[in-house]
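First residue of the sequence shown? That's 152 in our numbering, and the numbers climb one at a time after it.
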Amino acid sequence: MPLGLRFDTSDVLGLRFARSPLWETMEALRVTREPRRQAYHLSWLRTLDLRALAPAAEVLGPLVPRPGSTPDFITPIPTGPTTGIDDDLATVAATPLEQVVHDLAEGLRHPRAASRTLAGVRRLLADPARSLERIVAAQRTCWEILIRPFWATIDDLLAADIAHRAAALATSGLGSVLNGLHREVGWADDMLVYGGSAHGTTDDVRGRGLVLIPSVFVWPDMVAITDPPVQPTLFYPVRGVGTLWPPAPARDPGALGDLVGATRAALLQALTEEASTSTLARRIGLGLPTTSTHLKVLRENGLVTSRRAGREVLHRRTALGAAISG
152 MPLGLRFDTS
162 DVLGLRFARS
172 PLWETMEALR
182 VTREPRRQAY
192 HLSWLRTLDL
202 RALAPAAEVL
212 GPLVPRPGST
222 PDFITPIPTG
232 PTTGIDDDLA
242 TVAATPLEQV
252 VHDLAEGLRH
262 PRAASRTLAG
272 VRRLLADPAR
282 SLERIVAAQR
292 TCWEILIRPF
302 WATIDDLLAA
312 DIAHRAAALA
322 TSGLGSVLNG
332 LHREVGWADD
342 MLVYGGSAHG
352 TTDDVRGRGL
362 VLIPSVFVWP
372 DMVAITDPPV
382 QPTLFYPVRG
392 VGTLWPPAPA
402 RDPGALGDLV
412 GATRAALLQA
422 LTEEASTSTL
432 ARRIGLGLPT
442 TSTHLKVLRE
452 NGLVTSRRAG
462 REVLHRRTAL
472 GAAISG
């Protein structure tokens with residue numbers, strides 16, 4: 152069913168971006184359960200030890216069903232621009248038991264929940280205190296297996312997305328940013344509509360601000376959380392997700408390598424989307440100083456442009472760089 156969110160102009164002042172390692176962890180767990188929906192992540196899936204993941208997935212599986220509902224307490228909204236996994240898990244562990252019971256019980260009311268999901272939720276409700284401990288431990292295990300080895304690369308992509316949209320907000324306004332979040336999102340007359348039509352459920356969230364959180368593993372969907380007391384939050388697909396797990400560039404890039412050198416050719420071929428120096432270094436297996444030196448040469452010859460975004464320097468190919476890269 153389409154969802155409409157009504158804002159007012161004051162909400163622009165309350166708009167903020169954030170990143171959430173725990174959210175990525177839980178969405179990554181969903182991907183392991185439905186790999187065919189996520190062709191972009193198949194190379195990542197092949198690296199995982201799913202046997203080691205199985206005990207944690209058994210605990211958390213009833214909480215990330217499709218169809219069904221996910222309890223809010225297992226993915227707290229970040230209070231700042233970024234949080235660490237330890238902070239996220241501490242927040243989950245501190246959830247009042249009455250909220251744990253309430254959120255779990257909501258899952259029993261979903262009209263399309265599978266019987267296996269309902270049975271799992273009932274087991275968790277039988278001992279909420281113990282279940283909360285098991286949930287946090289299982290989330291920690293999922294983080295260690297699914298996300299931690301890849302977090303630096305994932306976080307670079309999230310940071311680049313936020314930098315891009317923050318710049319768009321400053322130059323083009325809120326409507327431009329919201330319209331660009333997802334193919335099914337529309338913004339007009341202080342109303343954000345997700346799902347293609349304004350004739351659905353409408354939540355009046357005026358005066359509460361808005362949190363925008365890019366996500367690698369939510370693709371191809373978008374998720375909205377609007378229930379108080381948290382700020383309205385949209386989890387949307389990060390830009391450039393298709394470049395996150397690229398195959399290693401060939402060490403001999405052919406004619407382009409003859410023209411600019413093999414390493415600089417590999418850098419140009421890796422720049423299919425704007426990327427940070429550290430991301431490029433990891434993609435082609437170079438150290439940061441060496442990568443920076445080669446990017447400087449490419450920039451001085453009009454093949455790459457660079458801009459600073461916070462503590463990162465982001466690079467992209469120029470039209471000439473893209474043309475010779477093929």
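Glycine included, C-beta positions come from ideal geometry on N, C-alpha and C.
Quickly, what does DSSP pair residue i with across the bridge? List them, please.
{"i": "W302", "result": "According to DSSP, W302 bridges with nothing at all."}
{"i": "H466", "result": "A426, S457"}
{"i": "T352", "result": "L154"}
{"i": "G337", "result": "V344"}
{"i": "L385", "result": "L363, A375"}
State the start and end residues of the unbroken beta strand (DSSP E) segment that holds residue i.
{"i": "L479", "result": "One cannot answer for residue 479 here, as it falls past the ends of the chain, which runs 152 to 477."}
{"i": "P365", "result": "361-366"}
Run the CB neighbour count on residue i, radius 10 Å, all protein chains shown included, and call it buried at 16 or more, exposed below.
{"i": "P172", "result": "buried"}
{"i": "H445", "result": "buried"}
{"i": "T221", "result": "buried"}
{"i": "H315", "result": "buried"}
{"i": "P440", "result": "exposed"}
{"i": "E209", "result": "exposed"}
{"i": "T352", "result": "exposed"}
{"i": "G258", "result": "buried"}
{"i": "D200", "result": "exposed"}
{"i": "A289", "result": "buried"}
{"i": "L308", "result": "buried"}
{"i": "G436", "result": "exposed"}
{"i": "T292", "result": "buried"}
{"i": "A270", "result": "exposed"}
{"i": "A432", "result": "buried"}
{"i": "S282", "result": "buried"}
{"i": "R458", "result": "exposed"}
{"i": "L211", "result": "buried"}
{"i": "R267", "result": "exposed"}
{"i": "A169", "result": "buried"}
{"i": "S348", "result": "A caution first: S348 carries a pLDDT of 45, below 50, which makes its placement in the model unreliable, though a value can still be read off. Answer is exposed; the Cβ neighbour count stays below 16."}
Could you tell me whether any non-hydrogen atom of the ligand ZN is closer than 8 Å to the CB of residue i?
{"i": "L201", "result": "Of ligands this structure carries none, so the ligand ZN is not represented either."}
Is DSSP giving residue i helix, strand or coil here?
{"i": "F168", "result": "strand"}
{"i": "W294", "result": "helix"}
{"i": "G235", "result": "coil"}
{"i": "A375", "result": "strand"}
{"i": "P279", "result": "helix"}
{"i": "L395", "result": "coil"}
{"i": "R274", "result": "helix"}
{"i": "L471", "result": "helix"}
{"i": "G358", "result": "coil"}
{"i": "R390", "result": "coil"}
{"i": "I286", "result": "helix"}
{"i": "W370", "result": "coil"}
{"i": "G408", "result": "helix"}
{"i": "R263", "result": "coil"}
{"i": "E185", "result": "coil"}
{"i": "A245", "result": "coil"}
{"i": "T230", "result": "coil"}
Please name the residue, chosen from the options, that lies closest to residue i on a Cα-to-Cα basis.
{"i": "M342", "options": "S443, T268, V356, I296", "result": "V356"}
{"i": "V362", "options": "I228, G219, A203", "result": "I228"}
{"i": "G360", "options": "T230, G412, A470, R202", "result": "T230"}
{"i": "R260", "options": "W195, L454, G219", "result": "G219"}
{"i": "Y345", "options": "T322, L320, I376, S443", "result": "I376"}
{"i": "V455", "options": "T183, G438, A473, I298", "result": "A473"}
{"i": "F368", "options": "G337, R281, Y191, L255", "result": "Y191"}
{"i": "L297", "options": "W195, R188, G453", "result": "W195"}
{"i": "S476", "options": "E425, L410, S443, H466", "result": "L410"}
Taking the alpha helix (DSSP H) that residue i falls in, what are its first and last residues?
{"i": "P206", "result": "201-211"}
{"i": "A256", "result": "248-259"}
{"i": "S220", "result": "Unbroken run through S220: none, as it is neither H nor E."}
{"i": "L214", "result": "Neither: L214 is in no alpha helix (DSSP H) and is coded neither H nor E."}
{"i": "L418", "result": "413-421"}
{"i": "P440", "result": "439-451"}
{"i": "G326", "result": "325-330"}
{"i": "W101", "result": "For residue 101 there is no data in the structure shown, the boundaries of the chain being 152 and 477."}
Beta-carbon of residue i versus every beta-carbon of chain D: anything under 9 Å?
{"i": "V381", "result": "Protein chain content of the structure displayed is limited to a single chain, and chain D is not contained in it."}
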